[in-house]
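Asks: Here it is, the structure in full.
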Amino acid sequence: MNVTMVGAGRVGLVAAACLADFGIKVHCVDNDVRRIDALREGRVPFEEPGLSELVNKNAVAGRLCFSTNLPDAIRQSLVIFIAVGTEDETPGSPNLKPLFEVGKQIARAMEEYKVLVVKSTVPVGTSRRLAREIMKETSISFDIVSNPEFLREGSAIENFMRPDRVVLGASSHQSLAIVRDIYRPLYLIEAPIIATDNETAELAKYASNAFLSVKISFINEIANLCDNAGVNVHDVAKVLGLDRRIGPKFLHPGIGFGGSCLPKDTRALIASAHQLGCELPVIEGAYKTNVTLCSYLLERLKNAVGTIEHKTIGVLGLAYKPLTDDVRESRAMDFVRLLLKEGAVVQAFDPAANAAAAALVQHENLLLMPDAYEAASNADALAVLTEWNEFRNLDMQRLKKAMNGHVLIDARNCIEPNEAVMEGFDYFGRGRGTMATKEQPAVVAV
Ligand code: UDX
Numbered sequence: 484m485n486v487t488m489v490g491a492g493r494v495g496l497v498a499a500a501c502l503a504d505f506g507i508k509v510h511c512v513d514n515d516v517r518r519i520d521a522l523r524e525g526r527v528p529f530e531e532p533g534l535s536e537l538v539n540k541n542a543v544a545g546r547l548c549f550s551t552n553l554p555d556a557i558r559q560s561l562v563i564f565i566a567v568g569t570e571d572e573t574p575g576s577p578n579l580k581p582l583f584e585v586g587k588q589i590a591r592a593m594e595e596y597k598v599l600v601v602k603s604t605v606p607v608g609t610s611r612r613l614a615r616e617i618m619k620e621t622s623i624s625f626d627i628v629s630n631p632e633f634l635r636e637g638s639a640i641e642n643f644m645r646p647d648r649v650v651l652g653a654s655s656h657q658s659l660a661i662v663r664d665i666y667r668p669l670y671l672i673e674a675p676i677i678a679t680d681n682e683t684a685e686l687a688k689y690a691s692n693a694f695l696s697v698k699i700s701f702i703n704e705i706a707n708l709c710d711n712a713g714v715n716v717h718d719v720a721k722v723l724g725l726d727r728r729i730g731p732k733f734l735h736p737g738i739g740f741g742g743s744c745l746p747k748d749t750r751a752l753i754a755s756a757h758q759l760g761c762e763l764p765v766i767e768g769a770y771k772t773n774v775t776l777c778s779y780l781l782e783r784l785k786n787a788v789g790t791i792e793h794k795t796i797g798v799l800g801l802a803y804k805p806l807t808d809d810v811r812e813s814r815a816m817d818f819v820r821l822l823l824k825e826g827a828v829v830q831a832f833d834p835a836a837n838a839a840a841a842a843l844v845q846h847e848n849l850l851l852m853p854d855a856y857e858a859a860s861n862a863d864a865l866a867v868l869t870e871w872n873e874f875r876n877l878d879m880q881r882l883k884k885a886m887n888g889h890v891l892i893d894a895r896n897c898i899e900p901n902e903a904v905m906e907g908f909d910y911f912g913r914g915r916g917t918m919a920t921k922e923q924p925a926v927v928a929v
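Just so you know, the sequence shown maps onto residues 484 to 929 in our numbering.
As structure tokens, then:
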């Protein structure tokens, strides 16, 4: 079977490479000429573990090709996946223009029945709207299947190949059977395939992400309480997580959820609920809590070092999470912006995202450093903002020697508090009691 994947971004390219690995011939189309040229030369334009290898393996095998010619790809394919971005146009309002534009182009190019599969995250009712738009352009029959993607950056291939579930929202048996057949290799690992209608599939994607947002904000609120109560949040999270109704995942406190999906999708769900005359106070609360976490951390830093103005603050981690160079809606970048606004000099290092951070924030007081120890050099305080594994094994003595000051803010609980304290740091983590010092060690996990 031939399929087309429209969009060679983080969702589209992963899905295209994985479908090609299922043995399907995939035409991956994007209107970004430079991106397509790079992919044709075997260069993947962003960090995703294993993706380069998978793309190149399938390209060499002739199952994955790249093009900017959408009409040509459409004519050769029965199924057209759409994985274009839906970044906010205004807060809470995803930009659906690229999706509708692709729909129009498909309508104009198709000469026989097609199945359009929407992978992009879209508000409830969008597939129906898309169908109406396409019908204005063509009388040829088609179906739309809503197949939301649940990939996480950093483990996207594993998530695609071993999904918790595949959701297929369809309005006809024919289109459902065709798309179900594409996912046949997943039957072997007994991945649940949920067949439902388009609207349920669309809403379920938003509800999943909003639930994760709530879970993260919940543990962040408990972490704030643990700070005041002198209790270790990880012990509390362990007790919670062993209840199978709750589960242990997404109970790690930090400076809040970021990235291109959770914040945007949570906003969009709230906005579409409002449009439908409905309030979502729990979800709105989770979003508000998320926004407050950077200021909470800044207050802790100010308590420890006094005024921030003219201070040098070392920052470790800029990406919104480890194993990616993505800084979109990164809370670490928000924290850096707050520091710069307060007049600090920021010396930052991220193992993958230095370049992306420099492109996002240009400020004379933001210095991007080649490693963690350089970021700490002569700093008055150090803040760990992304939990890269390499930050878990830092040489505390070397760090301390490199610095001017002795304040360590560990926003992701990467560092063993008492190890830091032994080297003379005043340590402040997330939900590990108040500031730990030599005289008053940290509350460690049991
Ligand atoms: C998320 C969803 O997990 C995925 O299903 C959806 O398809 C896209 O959005 P992703 O953005 O790749 O995936 O990252 P994820 O690993 O979910 O983390 C999102 C944010 O939450 C990160 O900023 C991360 O640091 C934060 N997070 C996650 C926490 O602060 N604590 C946790 O316990 C888990």
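Quick reminder that beta carbons are idealized off the backbone N, C-alpha and C, glycines included. Note that the coordinates shown come from a computational prediction; the quantities given were computed from them, not determined experimentally.
With 16 as the cutoff for other CB atoms within 10 Å, does Cys777 come out buried or exposed?
Replies: buried
Asks: Locate the alpha helix (DSSP H) running through Asp607, then write down its first and last residues.
Replies: A small fix is needed here, since residue 607 is Val in this sequence, not Asp. That residue, Val607, is in no alpha helix (DSSP H); it is neither H nor E in DSSP.
Asks: Give me the Cα-Cα distance between Phe564 and Val600, rounded to the nearest whole angstrom.
Replies: Roughly 4 Å separates the two Cα atoms.
Asks: Using the Cβ count rule (16 or more neighbours within 10 Å means buried), how would you classify Asp680?
Replies: exposed
Asks: List in chain order: all unbroken alpha helix (DSSP H) runs of 4+ residues lying wholly within the stretch 885 to 926.
Replies: 900 to 905
Asks: Which residue wins for smallest C-alpha separation from Leu745, given the options Ala919, Leu634 and Ala500?
Replies: Leu634
Asks: Return yes when at least one heavy atom of the ligand UDX lies under 6 Å from the C-beta of Tyr689, else no.
Replies: no
Asks: Is Lys602 close to the ligand UDX? I mean its beta-carbon at under 6 Å from any heavy atom of the ligand.
Replies: no
Asks: Buried or exposed, going by whether 16 or more other CB atoms sit within 10 Å of the CB of Asp520?
Replies: Here Asp520 is exposed. Its C-beta has fewer than 16 other C-beta atoms within 10 Å.
Asks: Between the Cα of Asp555 and those of Ser576, Thr573, Leu537 and Cys511, spot the shortest distance and give me the residue it belongs to.
Replies: Cys511
Asks: Cα separation between Ala864 and Ala592?
Replies: 59 Å
Asks: If distances are taken between C-alpha atoms only, which option among Ala491, Gln923 and Arg915 comes closest to Val714?
Replies: Arg915
Asks: Give me the Cα-Cα distance between Asp817 and Leu763, rounded to the nearest whole angstrom.
Replies: If I take the Cα positions, the gap works out to 26 Å.
Asks: Within 6 Å: the Cβ of His435 and any heavy atom of the ligand UDX?
Replies: No answer is possible for residue 435: it lies beyond the span of the chain, which begins at 484 and ends at 929.
Asks: Using C-beta distances below 7 Å, list every residue in its chain close to Leu686, excluding the 5 sequence neighbours before and after it, in chain order.
Replies: Val607
Asks: Assuming Ala827 and Asn848 are in contact, meaning their beta carbons sit under 8 Å apart, how far apart are those beta carbons, in whole angstroms?
Replies: About 7 Å separates the Cβ atoms of Ala827 and Asn848, confirming a contact at the 8 Å cut-off.
Asks: Whose beta carbon lies closer than 6 Å to any heavy atom of the ligand UDX, going through the chain in order?
Replies: Glu632, Phe633, Leu634, Arg635, Glu636, Asn692, Leu695, Ile699, Phe733, Leu734, His735, Gly737, Phe740, Gly741, Gly742, Cys744, Leu745, Tyr803 and Lys804
Asks: Going by the C-beta, is Pro532 closer than 6 Å to any heavy atom of the ligand FMN?
Replies: This structure simply doesn't include the ligand FMN; it includes the ligand UDX instead.
Asks: If Gln588 and Asp626 are in contact, beta carbons under 8 Å, what's the gap, nearest whole angstrom?
Replies: Not confirmed; about 17 Å, so no contact.
Asks: Does the separation of the CB atoms of Arg648 and Ile677 fall below 7 Å?
Replies: yes
Asks: How is Gln657 classed by DSSP in three states: helix, strand or coil?
Replies: helix
Asks: Do Phe583 and Glu620 count as a contact pair if the criterion is CB distance below 7 Å?
Replies: The answer is no: Cβ separation not under 7 Å.
Asks: Going by C-alpha to C-alpha distance, which of Gly737, Leu553 and Gly637 sits closest to Val774?
Replies: Nearest to Val774 by alpha-carbon distance, out of Gly737, Leu553 and Gly637, is Gly737.
Asks: Please state whether the Cβ-Cβ distance between Leu851 and Ala841 is less than 7 Å.
Replies: yes
Asks: Could you have a look at Ala678 and say whether DSSP puts it in helix, strand or coil?
Replies: strand
Asks: When you compare each of Gly907, Glu536 and Pro668 to Pro646 by their alpha carbons, which one comes out closest?
Replies: Pro668
Asks: Excluding the five sequence neighbours on either side, which residues of its own chain have a C-beta within less than 6 Å of the C-beta of Ser755, listed in chain order?
Replies: Pro606
Asks: Nearest-angstrom Cα distance between Ala590 and Ser610?
Replies: So the alpha carbons of these two residues sit roughly 14 Å apart.
Asks: Drop a sphere of 10 angstroms on the beta-carbon of Thr869, count the other beta-carbons inside from all chains shown, and report buried for 16 or more, exposed for fewer.
Replies: With 16 or more other Cβ atoms from the protein chains shown falling within 10 Å of its own Cβ, Thr869 counts as buried.
Asks: Please classify Lys449 as buried or exposed, where buried requires at least 16 other C-beta atoms within 10 Å of its C-beta.
Replies: This structure cannot settle anything about residue 449, because the visible part of the chain is limited to 484 through 929.
Asks: Output needed for Leu821: all residues of its chain with C-beta closer than 8 Å, excluding positions within five of it in sequence on either side, in chain order.
Replies: Cys777, Ser778 and Leu781
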